[in-house]
Each structure stands twice: as C-alpha cells, then as structure tokens.
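A quick write-up on the structure given underneath.
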Amino acid sequence: MAVKKIKLPNRLKALSTSLIMLWVLLACIPGLIALTVFFGWGTLINIIWLCIWALLFEALVLVFRKRNLGFYLKDYSALVTAVLLGLCIPPSSPWWLSLTGIFFAIVIAKHLYGGLGQNLFNPAMVAYAVLLIAFPIEMTNWIIPLGLEQDLDAYTGATALDLFRNERAGMLISEFWSQNSAFGTLSGIGWEWVNGGFLLGGLLLLYKRIIGWQIPVAMLTSLLLMSALFYDGGSSVSGGSPFMHLFGGGTMLGAFFIATDPVTASTTPKGRLIYGTLIGIVTYIIRVWGAYPDGIAFAVLLGNFAAPFIDYYTQPKPSRNA
Amino acid sequence: MMTSMNKKLKNISAQALWQNNPALVQLLGLCPLLAVSSSVVNALGLALVTTLVLIFSNLMVSLIRHQITAAIRLPVFVLIIASFVTCAELLMQAYAYSLYLSIGIFIPLIVTNCAILGRAVTFAANNSPLISAFDGLMMGLGFSSVLILLGALREIFGTGKLFANLDILLPMATNLEITILPNYPGFLFALLPPGAFLFMGLLLALKNFIDQQIVEKNIKNLSPNPSSSSLAEDIS
Numbered sequence: 038m039a040v041k042k043i044k045l046p047n048r049l050k051a052l053s054t055s056l057i058m059l060w061v062l063l064a065c066i067p068g069l070i071a072l073t074v075f076f077g078w079g080t081l082i083n084i085i086w087l088c089i090w091a092l093l094f095e096a097l098v099l100v101f102r103k104r105n106l107g108f109y110l111k112d113y114s115a116l117v118t119a120v121l122l123g124l125c126i127p128p129s130s131p132w133w134l135s136l137t138g139i140f141f142a143i144v145i146a147k148h149l150y151g152g153l154g155q156n157l158f159n160p161a162m163v164a165y166a167v168l169l170i171a172f173p174i175e176m177t178n179w180i181i182p183l184g185l186e187q188d189l190d191a192y193t194g195a196t197a198l199d200l201f202r203n204e205r206a207g208m209l210i211s212e213f214w215s216q217n218s219a220f221g222t223l224s225g226i227g228w229e230w231v232n233g234g235f236l237l238g239g240l241l242l243l244y245k246r247i248i249g250w251q252i253p254v255a256m257l258t259s260l261l262l263m264s265a266l267f268y269d270g271g272s273s274v275s276g277g278s279p280f281m282h283l284f285g286g287g288t289m290l291g292a293f294f295i296a297t298d299p300v301t302a303s304t305t306p307k308g309r310l311i312y313g314t315l316i317g318i319v320t321y322i323i324r325v326w327g328a329y330p331d332g333i334a335f336a337v338l339l340g341n342f343a344a345p346f347i348d349y350y351t352q353p354k355p356s357r358n359a
Numbered sequence: 005m006m007t008s009m010n011k012k013l014k015n016i017s018a019q020a021l022w023q024n025n026p027a028l029v030q031l032l033g034l035c036p037l038l039a040v041s042s043s044v045v046n047a048l049g050l051a052l053v054t055t056l057v058l059i060f061s062n063l064m065v066s067l068i069r070h071q072i073t074a075a076i077r078l079p080v081f082v083l084i085i086a087s088f089v090t091c092a093e094l095l096m097q098a099y100a101y102s103l104y105l106s107i108g109i110f111i112p113l114i115v116t117n118c119a120i121l122g123r124a125v126t127f128a129a130n131n132s133p134l135i136s137a138f139d140g141l142m143m144g145l146g147f148s149s150v151l152i153l154l155g156a157l158r159e160i161f162g163t164g165k166l167f168a169n170l171d172i173l174l175p176m177a178t179n180l181e182i183t184i185l186p187n188y189p190g191f192l193f194a195l196l197p198p199g200a201f202l203f204m205g206l207l208l209a210l211k212n213f214i215d216q217q218i219v220e221k222n223i224k225n226l227s228p229n230p231s232s233s234s235l236a237e238d239i240s
C-alpha cells in the first residue's frame, strides 16, 4: 500500500519579519495607485516624506537604546508604519502634520513601549488618533477627487462619509445623494476604487498566508450586519447603505492591513473572530452615532486594548484525549 | 537632641520631595493633577490650595490623634479635610474669583485626594503636631512641584507660551506672559486629557531614569576596584 501523502499543517520555512513586511508593502500598491489616480500625488509624496523620517527616528531611538542598528532597520517595520500612516492621512496634509504623526508612531507608540513586538497599540493608528485629536481641521480636509474640481469652487473639502455625517440633516438617503451628485451615489467617487484596491491587496496577503482570514472576515461581516440592520430602507434616520460602509472611508485598509497587525491583534483563532467583530461594530457605532466621520482608528485602538483580555479567555484548551 | 530633630526634618523633606513623592512615586491624587495641569496658573492655584489643606489637616489630625479611636478615624479625617477644603474654596471665591471660575469644580474634589487622606492616616495620626504640619508642607511642595512642572510643560507644548493669565491668581503679576515659541500654531493634544497622561508618563520615566543613574553611580563608588578584597571578605 502506498504511503498516503500528508499535507503538512505548518510551513516548512518560517517567513522572516522583513519578508512579511515586504509583502505588506507590496500589497499596498493597488490602493496607493487608486489614491494617486483620484487624489493626486499628495499621498505618494507624504509616504516618501514619512518613510525618511520613520527611518531617521527609528535609527535615533535605536542609538539611544543601544540596539543593533542594522538588524532592526532592515526589518522594514518602520517603513510599514510610515506607509500605513501615509495612506490614512489626507493627501494635502502639511509637512509638519505628518512629521508629528510619525514621531508619535515610532518614538512614543513603538519604542517607548519596548520596540517591535512589545507595543500594545498599533503605532500608525496611535499617530492617526493623536493627529485627529490635535489637528481636526487639517485631518478632515481631503482633496476633491480629480475630475470633480471643475464643478466645485473648492480645492479641498470633506469626504463623502464626512458630508454624510454633518450635512444630511434628516434627508432621505436618495435625497442626500441627489443633492450631492458630485460624490456619486455609492460611497463617494474615488472611494469605491480606493477600497477596491485595498481589498485586492488584502486578498493577496490572504493568499500568501501573511494574514489570517478571521480578523478581516469578522470585521467586514459585523460591519455589513450592522449597516444592513440600521439601513432602514434609506429613511431619514438611516445609517447609510451597507455598500457605503464597506467601500467608504478606510474600511478595507483597516480590515486587511491595520486590524491584522500581528503584534497588537488577538492571537488565538477564536479570539481573532471576537476581535474583528468588536472592531467592526465599534467602527459602525463611531461612524453613525459618534463625533468623528470615520471610526476605524479608534475602533482598532479599542480592539488592541481588549486583545490581551480576549486572548486570556480564548486560549485553546488541550484536548482530553491527548 | 537638636541634631536628631534636624535629621528627622531632613528625612521628611527628602521623602516628600523625591523618594516618596506623592505624585511621582505614590501616584496619589492623579485626578486633580491630570485634570488641572493644562496651564501654569491653574496648576499653581491647585498647588496652593492642596498644600494649605495638607498643612492644616495634618496639624488638626495630629492634635486630636489621641481622642480618635481607630474605628471612626477615617470619617473624622475626611470631615476635617472637607472643612479645610471648604474654607479654601470660600477664600478662593473671595480673592481669586476668575481662577475659581476656571478650576473651581476641581476644588471640592481635593477632599477625595488620596494623598491628603494618606498623610493623615500614615503620618499625622502617629506624630506630634509640628512635625505633622511640616510633613504636610513638604508633601504639599512635592505634589506642587510635579503639578507646576506638568502645567508648564503642557502650556509650552500646547500654546507655545508660559505664565499666561497669571494675574487671575496674583493680581500684581501682570504681563508676566513669556512667548517661548513665537508663531507656534498650537498643539491641542497637549492641553487635552491624553496629553496630560502622556506628559505624566514621561515625567515618571525621567524620575525612574535619574534614580537608576544614581544607583549605578553608587555601585561604582562603592567598589572602585572590582578585584579588591571586599568580595573575599564577604565570603569569609
């Protein structure tokens, strides 16, 4: 009898940190292209600027902490933080805004907590939250998508999610979109493509098994259920269509790239489902009933906060037969 | 007798200002500390009131310490502290009304400041009145120094200025405002509660760092020559 071939459950060769980080950087490219097409070169310039400062701050802190400079700089983790922050902040951000952000991300959120692997909170999201609290005007000022600026007088303005929050004033969903026809009818022109790009990159990460399926699936499902539950047929108190929530704002970037950060997310399979669900629900709550247009950052930080607790109660128990 | 007294006072001061600082080591009274330290003038106002309350409550508790039984000591101490806080609040309303408007809601909270109750229970209840009052003064200064430092840091990083509006506490101190960073756009984060936690954490880290340096220096001074006979003596 031929020996049955067994498929090994584990990888033969573990992926190194730097290889994982390189794949994450690569997977950002479709979303980055969409952002550049619709919002101009701002995002790309921001990312380059952020990368330079991220490496400088990382090197500076490593020297202060008397660590091996070459080893830690080569793991690309500072670059991933810089790129993720660059993808989140508005393309028109002034230089000092991104500089403040990357200082908080690298020095305070990462190294003051003990460096990569020890940080409790996602550095890019800490930086985003700090910037949003400290500079609310600059942080909600998005460039009008290309192709629209002729119709409108302004060069910068609110995003569709922002407009939806602040200027709907009891309109029906259909009334809102017809009054703001410049933003399309789904989730704001450009945003469907940006989120589509990040979805594509996320699927690549899933295919390469860089990230597990639990967190993105749980997060998107809970966001879908919440938005379907409170869609209310597009009435004047509707929370917006499920499509707007799934493909608006930073949903896909958050679900595949930010919530799945291996250091700050929950680590057990069951825990990851709970963690993702928590983030999805909190995101919806902040978007619809909270004070900020997009809730991904705060939801992820709250999830990070709960992750050790979730892990504690979801440890897989050894089976009785063993 | 005199030298032992001096030594005791010195010890109290060192404990209160550094080794057992109520804000940096005991981490007591953080609620008013974090809430009020958004500017130097607010911090100074709260620091004054807290120090005064500490001195008088310690004095009073020490005076009646033999009459109070252990079973009822906590309510009695809280009543004493609350009386002095009420006095301080009324004084503030009378002489620094605009300051009262800006930090007034935190003044009644001083009653619940664990640093004050802690000193009453652990020190004043076991020591003579004058020593207790001195301990209150030093503990108050230890708390105040951290409070004012935090206020100054947050004011500089938040607004780029220092000593703004000092005249609402001290009427003669007009125009003391210093612009440290001209054309500073302002960093709202430092003035908001998260900024308070951040700067408090940095101060704690700095204190621990300095302590660590002192310990390392002492170890080096103790054994200038590692190969000396001290080790051998220990073993024998």
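Chains as they are written, first to last, in this note's numbering: chain A, 38 to 359; chain B, 5 to 240.
Don't be surprised by glycine CBs; every beta carbon is placed ideally from N, CA and C.
Please read these numbers as outputs of a predicted model, since none were measured by experiment.
Query, Result
"Which chain B residues are close to A292 (chain A), counting only those with a beta carbon under 7 Å from its beta carbon?", "Per Cβ cutoff of 7 Å: no residues; A292 (chain A) is ~26 Å from chain B at best."
"Within the continuous alpha helix (DSSP H) that includes G233 (chain A), where are the two ends?", "228-244"
"Could you check where the alpha helix (DSSP H) with C65 (chain A) kicks off and where it finishes?", "Element bounds for C65 (chain A): n/a, residue is neither H nor E."
"Whose C-beta lies closer than 8 Å to the C-beta of L103 (chain B) among residues of the same chain, with five residues either side of it excluded?", "V45, N46, G49, M96, I172, L173"
"Cβ atoms of L157 (chain B) and L207 (chain B): under 9 Å apart, would you say?", "yes"
"Any beta carbon from chain B within less than 9 Å of L198 (chain A)'s own beta carbon?", "no"
"Where does the unbroken alpha helix (DSSP H) through H282 (chain A) begin, and where does it stop?", "279-283"
"For W326 (chain A), would you say it is in contact with chain B, using Cβ-to-Cβ distances shorter than 9 Å as the test?", "no"
"State the DSSP-derived secondary structure class of L166 (chain B), mapped to helix, strand or coil.", "strand"
"Buried or exposed, going by whether 16 or more other CB atoms sit within 10 Å of the CB of Q187 (chain A)?", "For Q187 (chain A), the predicted model reports a pLDDT of 48, less than 50, meaning its position is unreliable and no value from the coordinates is stated."
"Which residues in chain A sit within 7 Å of P186 (chain B), going by Cβ to Cβ distance?", "Residues of chain A passing the Cβ test: none, with the nearest at roughly 15 Å."
"Given a cut-off of 9 Å, decide if Y188 (chain B) and G2 (chain B) are closer than it, judged by their beta-carbon atoms.", "Because chain B here runs from 5 to 240, residue 2 (chain B) falls outside it and cannot be looked at."
"Below 8 Å on the Cβ atoms is my contact criterion, and I expect F235 (chain A) with G68 (chain A) to pass it. Report the Cβ-Cβ distance as a whole number of Å.", "4 Å"
"Using a Cβ-Cβ cut-off of 6 Å (strictly less than) and excluding sequence neighbours within five positions of G340 (chain A), which residues of its own chain qualify?", "Y312, L315, I316"
"Indicate the three-state DSSP secondary structure (helix, strand or coil) for W78 (chain A) in the structure shown.", "coil"
"CA-CA distance, N117 (chain B) and L37 (chain B)?", "10 Å"
"For V163 (chain A) and L121 (chain A), what's the separation of their Cα atoms in angstroms?", "12 Å"
"Which residue wins for smallest C-alpha separation from V57 (chain B), given the options B:V115, B:V150, B:S66, B:I214?", "B:V115"
"Using a Cβ-Cβ distance cut-off of 9 Å, determine whether T137 (chain A) contacts chain B.", "yes"
"From the beta carbon of F101 (chain A), is the nearest beta carbon of chain B less than 9 Å away?", "no"
"Taking the alpha carbon of A142 (chain A) as the reference point, which residue from A:P279, A:L242, A:Y165 has its own alpha carbon closest?", "A:Y165"
"Compare the C-beta of A92 (chain B) against all C-beta atoms of chain A and say whether one is closer than 9 Å.", "no"
"Is any beta-carbon of chain B found at less than 9 Å from that of F172 (chain A)?", "yes"
"Are L110 (chain A) and L99 (chain A) close, meaning C-beta to C-beta below 9 Å?", "yes"
"Going by DSSP, what residues sit across from I182 (chain B) in a beta bridge?", "B:L166"
"Excluding the 5 residues preceding and the 5 following V40 (chain B) in the sequence, name in chain order all residues of the same chain whose CB lies nearer than 7 Å to its CB.", "N46, A47, L50, I107, F110"
"Using a 10 Å radius around the Cβ and a threshold of 16 neighbouring Cβ atoms, would you call D139 (chain B) buried or exposed?", "buried"
"Check whether the Cβ atoms of I184 (chain B) and L210 (chain B) sit closer than 9 Å, and answer yes or no.", "no"
"Using a Cβ-Cβ distance cut-off of 9 Å, determine whether L192 (chain B) contacts chain A.", "yes"
"At a Cβ threshold of 9 Å, is V167 (chain A) touching chain B?", "yes"
"Let me make sure I understand the geometry here. Which of A:Y349, A:L62, A:W250 has the alpha-carbon closest to that of A115 (chain A)?", "A:L62"
"Which two residues bound the contiguous alpha helix (DSSP H) that contains F335 (chain A)?", "333-350"
"Going by DSSP in three states, Y321 (chain A) sits in which element: helix, strand or coil?", "helix"
"Name the chain A residues whose beta carbon is nearer than 7 Å to that of P198 (chain B)?", "I170"
"Whose CA, out of A:S135, A:S53, A:G151, A:G154, lies closest to the CA of L168 (chain A)?", "A:S135"
"The alpha helix (DSSP H) with Q97 (chain B) in it runs from where to where?", "77-99"
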